[in-house]
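Have a look at the structure below before the remarks.
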Amino acid sequence: MLEKTSLWNTQIMAQATLDSVRKLDPRWMVKNPVMFVVEVGSVLTTALLIVDALHGFGRFGFNLQITLWLWFTVLFANFAEAMAEGRGKAQADTLRKAKGETIAKRYKADGSFEEIVSGDLRAGDVIYVAAGNYIAGDGEVIEGVASVDESAITGESAPVIREAGGDRSAVTGGTKVLSDWIKVKITSNPGETFLDRMIALVEGATRQKTPNEIALSILLSGLTIIFLLAVVTLQPFAIYSNAPQTVFVLVSLLVCLIPTTIGGLLSAIGIAGMDRLVQYNVLAMSGRAVEAAGDVNTLLLDKTGTITLGNRQAVEFISAPDVTQERLANAAQLASLSDETPEGRSIVVLAKEKYNLRGRDLGGIHAEFVPFTAQTRMSGVNLPGTRIRKGSVDAIARFLEEQGSSLPQKVRESVEEIARLGGTPLVVAENSSALGVIYLKDVVKGGLKERLARLRAMGIRTIMITGDNPLTAAVIAREAGVDDFLAEAKPKDKMDLIKREQGKGKLVAMTGDGTNDAPALAQADVGVAMNSGTQAAKEAGNMVDLDSNPTKLIEIVEIGKQLLMTRGALTTFSIANDVAKYFAIIPAMFMTFKGLEVLKALNIMHLHSSESAILSAVIFNAIIIVALIPLALKGVKYEPKPADVLLRNNLLIYGVGGIIIPFIGIKAIDLCLVALHLA
Numbered sequence: 006m007l008e009k010t011s012l013w014n015t016q017i018m019a020q021a022t023l024d025s026v027r028k029l030d031p032r033w034m035v036k037n038p039v040m041f042v043v044e045v046g047s048v049l050t051t052a053l054l055i056v057d058a059l060h061g062f063g064r065f066g067f068n069l070q071i072t073l074w075l076w077f078t079v080l081f082a083n084f085a086e087a088m089a090e091g092r093g094k095a096q097a098d099t100l101r102k103a104k105g106e107t108i109a110k111r112y113k114a115d116g117s118f119e120e121i122v123s124g125d126l127r128a129g130d131v132i133y134v135a136a137g138n139y140i141a142g143d144g145e146v147i148e149g150v151a152s153v154d155e156s157a158i159t160g161e162s163a164p165v166i167r168e169a170g171g172d173r174s175a176v177t178g179g180t181k182v183l184s185d186w187i188k189v190k191i192t193s194n195p196g197e198t199f200l201d202r203m204i205a206l207v208e209g210a211t212r213q214k215t216p217n218e219i220a221l222s223i224l225l226s227g228l229t230i231i232f233l234l235a236v237v238t239l240q241p242f243a244i245y246s247n248a249p250q251t252v253f254v255l256v257s258l259l260v261c262l263i264p265t266t267i268g269g270l271l272s273a274i275g276i277a278g279m280d281r282l283v284q285y286n287v288l289a290m291s292g293r294a295v296e297a298a299g300d301v302n303t304l305l306l307d308k309t310g311t312i313t314l315g316n317r318q319a320v321e322f323i324s325a326p327d328v329t330q331e332r333l334a335n336a337a338q339l340a341s342l343s344d345e346t347p348e349g350r351s352i353v354v355l356a357k358e359k360y361n362l363r364g365r366d367l368g369g370i371h372a373e374f375v376p377f378t379a380q381t382r383m384s385g386v387n388l389p390g391t392r393i394r395k396g397s398v399d400a401i402a403r404f405l406e407e408q409g410s411s412l413p414q415k416v417r418e419s420v421e422e423i424a425r426l427g428g429t430p431l432v433v434a435e436n437s438s439a440l441g442v443i444y445l446k447d448v449v450k451g452g453l454k455e456r457l458a459r460l461r462a463m464g465i466r467t468i469m470i471t472g473d474n475p476l477t478a479a480v481i482a483r484e485a486g487v488d489d490f491l492a493e494a495k496p497k498d499k500m501d502l503i504k505r506e507q508g509k510g511k512l513v514a515m516t517g518d519g520t521n522d523a524p525a526l527a528q529a530d531v532g533v534a535m536n537s538g539t540q541a542a543k544e545a546g547n548m549v550d551l552d553s554n555p556t557k558l559i560e561i562v563e564i565g566k567q568l569l570m571t572r573g574a575l576t577t578f579s580i581a582n583d584v585a586k587y588f589a590i591i592p593a594m595f596m597t598f599k600g601l602e603v604l605k606a607l608n609i610m611h612l613h614s615s616e617s618a619i620l621s622a623v624i625f626n627a628i629i630i631v632a633l634i635p636l637a638l639k640g641v642k643y644e645p646k647p648a649d650v651l652l653r654n655n656l657l658i659y660g661v662g663g664i665i666i667p668f669i670g671i672k673a674i675d676l677c678l679v680a681l682h683l684a
């Protein structure tokens, strides 16, 4: 199972510290233009510091502090990225436990077996897996049926059934067969298995920058170039003013003004977004998919198993005239005791809950149970002098005709009313009398209506997809609270609906598990395939839910929005930071220039000196990156509110906060430096 790792895990932190040093390689740093400029500045000041030390030039103590804090700025940014990657690698370690060389029984041309290690299997090979053995590679069951333990991947202890044909034929290497046997056709080569892809994705090895990240990187690079040009022009200006500034001061000014905060955290935010999905047992095939989830406008939800429980449940007993509901419930429960279908069990439960019918001792009354069959379409029980039956309307009508009776008009009216509501009516009879009707319906999952309302608050339109007739679909849609529905849907209908929504400029998300869902999953902007589904579905989607829980799409959308909000919030904070540092450092730097004494009025924080102002700003610029690492990794808390409210809150908290905090922080550091005689 993909376990959640602690934010400040000591092992991860130790490895991240080493990785932050390794990432100083310019070939790595150049991928982040903002931090690459900081590293170049650090190298430059280091070289000048060595020259000054050898020749006794300059203010060595001040220059040394500047140089060290510039390097710390680069290292802290690398540390943030390494922490995000380290958490992913920790998740991958749990997956590796499920991976390893296993012995496979591969079929030979003559039908006999040969035992080989899993690493020698190739796509197209056919293997035999019996109870107690591990499945050696990804594949499709082509013969047999077995119970399979997938807890090593999904974390779910309950075994699942895998069988040939249908949408439950896909198996994953590293899972274990618990009972019976299956014949599996291998569908992947070594290194290309689903588990291999999972490990690579979780470790971040295949993570590429998303379009939004690229666009933001271009913006940050542009701002960096602008400030670089501005700072370079200060040197001639300083010379003209007869107060030349050193390279250390100019580099410090540049580093404080370029957007180093978001530049240092940008990559960590993206990696952490995928890691949060992993904690929900969802694997995103790319960062683009996570971002797209945050921008989704339309959500397609299958009715069965997503909106409803998937099995019709008994919700009401409707008695015939002159028959009490207690008598109907009693007979219905007796007739259902031998019915092992979900519907039959729900009838027993409803009678227990409504009429406290429990603890029956049937041994002493010589009960003979009549099990349900597809031929009779009814079940029941024979007691001395009494025959009770429960089944479809037609089946019970025939049963009554055999007794010389028929369905009463009131019972027929109840049957018709249930059908109009989209439910399934079951009739209960005792000897030659119809006792009433059991109302079976698709039960909407608890709390789903509130969750869909939460999506609506996000501005997301929900559409239910079902093969039911429009009347039944309308009833369920109204009860669940979806915005719209598509009834009697076929695979092509899903595709057409997705294309229509995309044609309106909307992003569409959907879930699926069958081969027939693959085209729609591929067409959707966010396609979440169930791990229990077919290989075709998993390859078509851009996310895989290891728990095979279709409703998890709601959490995926929220995580996507949280990722976008976190990036936007920290970008706002970073830019606001730069504004504050500008007013903190510029007046202190130039207030001693001849003719520029008027700038003293702008030194509103009353920083001790130009040296302490510059050093305080550089130190604050470095430590704020470390302070924001938890926020970058955990993400900004998301609440479903209108976009204008979210924007206002973002500007107030991270915009205004980004201006105020540097003033407080820089002043506090200035006081500390003076007290410690470091400036």
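In this note's numbering, the protein residues as written are 6 to 684. Beta carbons: idealized from backbone N, C-alpha and C, even for Gly.
Taking the C-beta atoms as reference points, E86 is found nearer than 7 Å to S272. Nearest to A135 by alpha-carbon distance, out of G124, D154 and D125, is D154. In the pairwise beta carbon analysis, the stretch 486-505 is classified as not touching the stretch 330-346: fewer than three pairs are separated by under 8 Å. Between the alpha carbons of A21 and N316 lies a gap of roughly 49 Å.
The three-state reading of DSSP puts F377 in coil, since its state is none of H, G, I, E or B.
Contact annotation: V449 and T309 have beta-carbon atoms that are not nearer than 7 Å.
Only residues of its own chain outside the window of five on either side were considered, and among them G573, A574 and T577 have a CB closer than 7 Å to the CB of N655, listed in chain order. Just so you know, the alpha carbons of N582 and I658 end up roughly 13 Å apart. Taking a C-beta distance under 7 Å as the contact criterion, G227 and M40 do not qualify as a contact pair. Shown here for K511: same chain residues with a beta carbon closer than 7 Å to its own, the five before and five after excluded, namely N302 and T303 in chain order.
Under the three-state reduction of DSSP output, P430 falls in the strand class. With contact defined as three or more Cβ pairs closer than 8 Å, the stretch 55-73 and the stretch 24-31 are not in contact. Judged by their CB atoms, A325 and L440 are nearer to each other than the 7 Å cut-off. Here the C-alpha atom of I629 lies approximately 46 Å from the C-alpha atom of D307. Spanning the alpha carbons of V283 and K188 requires a straight line of approximately 31 Å. Here the stretch 444-464 lies against the stretch 551-559, with 3 or more beta-carbon pairs under 8 Å apart. T571 sits in a helix when the DSSP states are folded into three classes. Within 10 angstroms of the beta-carbon of T516 lie 16 or more other beta-carbons, which makes it buried.
Looking at A527, T51 and L239, the one whose alpha-carbon comes closest to that of K504 is A527.
Per the DSSP secondary-structure output, R111 pairs in a beta bridge with E119 and I132.
Judged by beta-carbon spacing, S384 lies within the 7 Å limit of D344, meaning their Cβ atoms are closer than that value. For V398, there is no enclosing beta strand (DSSP E); the enclosing alpha helix (DSSP H) has its first and last residue at V398 to E407.
The beta carbon of T192 sits closer than 7 Å to the beta carbons of A128, D143, G144, E145 and Q540 from its chain, once the five residues preceding and following it are set aside; these are given in chain order. Of the candidates L255, D447, T467 and Y444, T467 places its Cα closest to the Cα of E455. In terms of CA proximity to A478, G428 leads the group A340, G428 and I443. Remark: fewer than three beta-carbon pairs, one from each stretch, lie closer than 8 Å, so the stretch 345-357 and the stretch 471-490 are not flagged as touching. Looking at the backbone, the Cα of R167 and that of S553 are separated by about 14 Å. In this structure, the straight-line span from the alpha carbon of E44 to that of F77 is close to 10 Å.
Residue environment for T266: buried (at least 16 other C-beta atoms within 10 angstroms of its C-beta). Counted as a single uninterrupted DSSP element, the beta strand (DSSP E) harbouring I166 occupies residues V165 to E168.
Rounded to the nearest whole angstrom, the CA to CA distance from N138 to L183 is 8 Å. Across the structure, T177 and I664 are spaced so that their CA atoms are roughly 52 Å apart. In the DSSP assignment, M469 falls within the beta strand (DSSP E) that extends over R466 to I470.
For the pair G116 and L568, the CB atoms are not nearer than the 7 Å cut-off.
Our two residues, L234 and L255, have alpha carbons roughly 11 Å apart in a direct line.
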